[in-house]
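In what follows, a single structure is set out as structure tokens and then discussed.
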Amino acid sequence: MSYKKKSSRTVKPGRKREKWTDILPRYLTFISHMRPILRETRRIIIELDADLLIDTEILDKIRQEEEKRNIRKVRALSEFSAMYRSNVYEIIKDFILKYRDIIPIIDIKDYIIEFLYESIDALNILRKITNPDEANLENTFLYTLTKFIEEKLFPRGTNLKFIYNKLLEHSPQLYECQRHLLQPHTYYRDKLESSDYFEIPGITPKVYQIINNITSIFNLDPNFGVFPERPNHEIPMILKSDVFLPYIDSIANAEEEAIESINERIGLRIIDDIFLAPSEDLVDLLLENNFLRDTKQSDGIIRLTPQFSNETLILYYLALASQRRGFLSKELINWISMNFAFLIYMGILKWKLSDENIFYPIFKDLQTNEKILPYLMKLICFANYLSLDKMKIRDSPQYRKEIFNFIGSKIDNLKDFIDEIAYFCEKFDIERKNK
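If you read the sequence shown in the working numbering, its first letter stands for residue 52, the second for the next number, and so on.
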């Protein structure tokens, strides 16, 4: 009797694992159509007499003529090109109308040409962000920027302690970014009582509340009990019921497994089925970073008193997710890869475009982002980069819009990090040219 082992992978029927050579051309498709439009527009503006720019109807006629000259394309590309060209000309018209009574028209023309040069330079970098054959990776922007961001937000390491300390090293400047990486705005799709016990989801608002409550109780009113691995020590403990009872119905339908999973992800364990206490690994991390204060009592027992914050437990969660990146939920993989793609994309734009560039909005427009970033997300997931399961990247246009609407929103820390990435881009480009 023959026996065939059932595959543990759950892949939808008919879906195949995409290769690098499948995804890179898709990433390049729309960039390859944006660049010629800007180059042609630049040529037209350069050749056009400055005085003619005062009459914006002339620009409308030029745009209509350009659309007639368009070669036949597939419908999606044709619609995108028409949208993109229309937006470019509308931006130019608005700029002229706003400043024609304030700035000499010859200067307005020069500004437009300069902004177009900057925009084409940005597209050149995005077009050459990596090598088709993945050769000489260390000299590509995609590889170098992914590693630069990974080191600060999602580092690799030989063990949990190493990763945690790496995160802690950068948390004074980048904690908001680190926390943001764990908090998908599509959290409602993740189920804490997932049948896959090993899968790590993002932090939902309710789990964040739980972490906040745990931190508060540990710092304000902990119990103390014997440290199982070190009998001459006492560790802080809190009642499991104080933390989870208010959330049982809404977070896990009273499932013990889900509660254990949450605790494991923030470095806690259940003792005697009553108390929550830090695991031995977490105790070592807390002691090393002065988040536990050790006091020798009159009976010779050393009591470990907590003095930590939400950041302490959230960074443990992030370190665990980074260490076990092969077991992340679909939502968390989409969110992490999207944040990396967003940071790389915006870092390159920040480097190449001046803050006054009138075409900045067109690069950040949702219609542009959803044509470029999803494929950049997939490229970032490959083994040489983040080593995430790219099969979990969702291709739904509606999902893309949903996730893009929240990406980087109202996070000042991300804006600061984008400035840092832009500076790194310039430095890396100079070094690369000097080799």
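Note that the Cβ used here is the ideal one computed from N, Cα and C, for glycine as well.
Being a predicted model, the structure only gives us computed values, none of them experimental.
| Check | Outcome |
| --- | --- |
| Give the straight-line distance between the Cα atoms of S373 and P448, rounded to the nearest whole angstrom. | 28 Å |
| Could you tell me whether the region 437-448 touches the region 83-97, where touching means 3 or more Cβ pairs closer than 8 Å? | no |
| Residues in the same chain with beta-carbon distance under 6 Å from S170, minus the five sequence neighbours each way, listed in chain order, please. | L89, F410 |
| Could you tell me if E108 is buried or exposed, where buried requires 16 or more neighbouring beta carbons within 10 angstroms of its beta carbon? | exposed |
| To which residues of the same chain is K242 closer than 6 Å at the C-beta, ignoring the five residues directly before and after it? | Since pLDDT at K242 reaches only 49, below the 50 mark, its modelled position is unreliable, and the value read off the structure follows with that caveat. Here the set comprises nothing. |
| Since I41 and F275 should fall inside the 8 Å C-beta cutoff, what is the C-beta to C-beta distance between them, to a whole number of angstroms? | Residue 41 cannot be examined here, being either before or after the span of the chain that is shown, 52 to 486. |
| In three-state DSSP terms, what is K486? | coil |
| Check D345 in the structure and name its three-state DSSP category. | strand |
| Can the beta-carbon of L193 be found less than 8 Å from the beta-carbon of I180? | yes |
| Could you spell out the range, first to last residue, of the alpha helix (DSSP H) harbouring M389? | 381-403 |
| For the region 400-452, list the alpha helix (DSSP H) runs that are entirely contained and at least 4 residues long, ordered along the chain. | 411-415, 417-432 |
| Using only the alpha-carbon positions, how far apart do L225 and K203 sit? | 8 Å |
| For A16, report the span of its alpha helix (DSSP H) as first-last. | Since the first residue shown for the chain is 52 and the last is 486, residue 16 is missing from the structure and cannot be characterised. |
| Helix, strand or coil: how does DSSP classify G276 here? | strand |
| Straight-line CA distance for K63 to S380? | With a pLDDT of 49 at K63, under the threshold of 50, the modelled position of that residue is not reliable, and no figure is offered here. |
| Return the first residue and the last residue of the alpha helix (DSSP H) that R173 is part of. | Position check: residue 173 holds Ala in this sequence, whereas Arg was assumed. Element bounds for A173: 156-178. |
| Spell out a yes or no on whether the region 401-420 and the region 376-391 are touching, meaning 3 or more CB-CB pairs, one atom from each, closer than 8 Å. | no |
| Is the beta carbon of I413 closer than 8 Å to that of N138? | yes |
| With distances taken Cα to Cα, identify the nearest neighbour of W71 among I163, L430, E482, Y215. | L430 |
| Can you check which of these residues, F81, D440, L337, is closest to L219 by C-alpha distance? | L337 |
| In angstroms, rounded to a whole number, what distance separates the CA positions of L233 and F359? | 19 Å |
| Return the residue from the list K466, Y135, I74, P155 that minimises the CA-CA distance to L103. | P155 |
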